[in-house]
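*Asks:* One structure follows; several queries about it will come next.
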Amino acid sequence: MTQHRPSLRAFLVGLPLLALLAGCGGDTARSLGFTRDPPDEFQVTTRAPLSVPPRLTELPTPTPGAPRPQDQRPPASAILGAGTAPAAAPSSAERALLAQAGQPVDDGIRSQVDAESLRLDRPERGLVDRLMFWRSDAQAGVAVDPTREAQRLRENAALGRDTTEGVTPVAQPPRRGLLERLF
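Those letters in the sequence shown? Residues 119 to 301, per the working numbering, in order.
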């Protein structure tokens, strides 16, 4: 009895399987899902059919050098709505709502709201961020000195002034040493 090597045995078993797969046809890889067929972008879009007027004699006569109608643009003022009627005066309900709202808002309110929301909308820092950027960021906002602020409010109440009068005292951060500034 002859002893066959394992590679020869695998070859003899695999040869009929290769012949079987080769006989399946040219689309074997596609049938087994080994290739991808993206859609053809020219067949996906629809094209408008060409139309011919019923009588060619009714077409306008071409004038050489004249601007083409499709190249002409309306003026920007027509696009942007210049010359439109002004907005109607606010109704009594709108005026009452504005009166209840209080003082008019300053012009920079949008940028102020954006800056405040940007400070609040910070994602949680992961381990790698904490290791790479180990120094803590400055805290957002201004810290108020509570004892001096309470004293200012008591003085305003005693003198009959509004609580918003005067300068709000700000807490000064403690001075840091040389090593604290480095690390």
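Backbone N, C-alpha and C fix where the C-beta goes; we use that ideal spot for every residue, glycine too.
In three-state terms, what does DSSP make of Val285?
*Replies:* Looking at Val285 - three-state DSSP - the assignment turns out to be coil, as it is neither helix nor strand.
*Asks:* Could you give the residue range of the alpha helix (DSSP H) that holds Arg148?
*Replies:* Its alpha helix (DSSP H) spans residues Thr146 to Leu150.
*Asks:* With the cut-off set at 8 Å, would you say Glu267 and Thr281 are in Cβ contact?
*Replies:* No, the Cβ-Cβ distance between Glu267 and Thr281 is not below 8 Å.
*Asks:* Tell me which residues share the same chain as Val260 and place their Cβ nearer than 6 Å to its Cβ, disregarding the 5 neighbours each side in the sequence.
*Replies:* Val288, listed in sequence order.
*Asks:* In whole angstroms, give me the CA-to-CA distance for Pro185 and Pro241.
*Replies:* Rounded to the nearest angstrom, the two C-alpha atoms are 56 Å apart.
*Asks:* Can you tell me the Cα-Cα spacing of Leu296 and Arg237, whole angstroms?
*Replies:* Near 29 Å, if we compare the C-alpha coordinates of Arg237 and Leu296.
*Asks:* For Val170, which three-state DSSP category applies?
*Replies:* It is coil, neither helix nor strand.
*Asks:* For Leu168 and Thr179, what's the separation of their Cα atoms in angstroms?
*Replies:* Computed Cα separation, rounded: 20 Å.
*Asks:* Name the one or two DSSP bridge partners that Val262 has.
*Replies:* According to DSSP, Val262 bridges with Val288.
*Asks:* Have a look at Trp252 and Glu212 and give me their C-alpha separation to the nearest angstrom.
*Replies:* The alpha-carbon atoms of Trp252 and Glu212 are separated by roughly 52 Å.
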